[in-house]
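For reference, the structure discussed in these notes is given below.
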């Protein structure tokens with residue numbers, strides 16, 4: 183199986199990088215710098231016509247969207263325990279968290295980080311609305327992690343996806359504008375104590391510095 187992940191540094195595609203690192207599956211990372219518009223080139227649009235990351239090239243074709251790619255990677259490495267078997271309630275719980283992170287948390291970040299993209303609106307007003315939505319979503323996650331180590335009963339792809347969004351709190355448009363989230367802070371520290379995740383994040387930060 184040949185896996186090629188198209189990834190932009192510190193983008194949501196980092197979750198797929200984390201999953202590949204944790205599973206140890208052989209793969210190649212192709213850097214697509216969205217800040218330079220490389221995701222809009224003719225060559226990349228042949229891979230993903232939506233012009234977004236991640237995109238995972240496999241022997242069977244191209245997969246897009248983190249909520250599809252993360253389960254696919256976990257299923258390829260079933261022994262990793264990153265996702266419960268198909269048909270189980272635990273699997274459905276995982277899908278529920280993935281959907282929440284994608285449709286609610288990621289969407290709130292999009293408005294906060296790209297407020298200028300909302301034509302005809304005051305960017306700061308847009309940012310405040312989405313920061314409030316983000317705060318609400320993160321507070322729900324913080325409360326959920328009050329007395330537990332992971333989002334589910336064990337370490338999973340949901341934790342990898344959440345970690346990316348916690349790292350985004352350091353973005354200039356967000357930093358210092360969220361209320362304290364102590365359980366999420368501790369969760370982030372635990373995740374980054376995992377060698378594979380710490381090493382992958384270090385590599386990604388180097389790529390960011392080269393952008």
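Residue numbers (the working numbering): 183 to 393.
Ideal Cβ positions, reconstructed from N, Cα and C, are used throughout, including at glycine.
Hey, residue 378 and residue 210 are a contact pair by Cβ (cut 8 angstroms); roughly how many whole angstroms apart?
Wrong, their Cβ atoms sit about 17 angstroms apart, outside the cutoff.
Closer than 7 angstroms by C-beta to residue 294: which residues in its own chain qualify, once you throw out the five before and the five after it? Chain order, please.
309, 312, 313, 316, 355, 356
Cβ neighbour criterion (16 or more within 10 Å) applied to residue 270:
exposed
Quick check on the DSSP output: the beta strand (DSSP E) that includes residue 243 runs from which residue to which?
243-246
If distances are taken between C-alpha atoms only, which option among 383, 385, 214, 325 comes closest to residue 368?
325
Alpha-carbon to alpha-carbon, residue 345 and residue 253
16 angstroms
Within the same chain, show all residues whose beta-carbon is closer than 6 angstroms to that of residue 259, passing over the 5 residues directly before and after it, in chain order.
205, 207
Quick test of the definition: if touching needs 3 or more C-beta pairs under 8 angstroms, does the region 225-241 touch the region 194-202?
yes
Output the boundary residues of the beta strand (DSSP E) element that contains residue 186.
186-189
Assign residue 183 to buried or exposed, taking buried as 16 or more other Cβ atoms, counted over all protein chains shown, within 10 Å of its Cβ.
exposed
Does any heavy atom of the ligand ATP sit closer than 7 angstroms to the C-beta of residue 301?
Here there are no bound small molecules, and the ligand ATP is not part of this structure.
Do you know how far the Cα of residue 353 is from the Cα of residue 288?
14 angstroms
Alpha carbon to alpha carbon, what distance is there between residue 298 and residue 225?
28 angstroms
Inter-residue Cα distance where the pair is residue 387 and residue 350:
12 angstroms
Using a Cβ distance threshold of 8 angstroms, determine whether the region 277-284 contacts the region 332-344, with at least three qualifying pairs required.
yes
First and last residue of the alpha helix (DSSP H) that includes residue 202?
196-205
Tell me whether residue 193 sits in a helix, a strand or coil according to DSSP, three-state version.
coil
Residue 237 bridges to which residues according to DSSP?
188, 246
Nearest candidate by alpha-carbon position, reference residue 361, set 273, 334, 319, 245:
319
Cutting at 7 angstroms between CB atoms, please list the residues of its own chain near residue 359, excluding the five before and the five after it.
313
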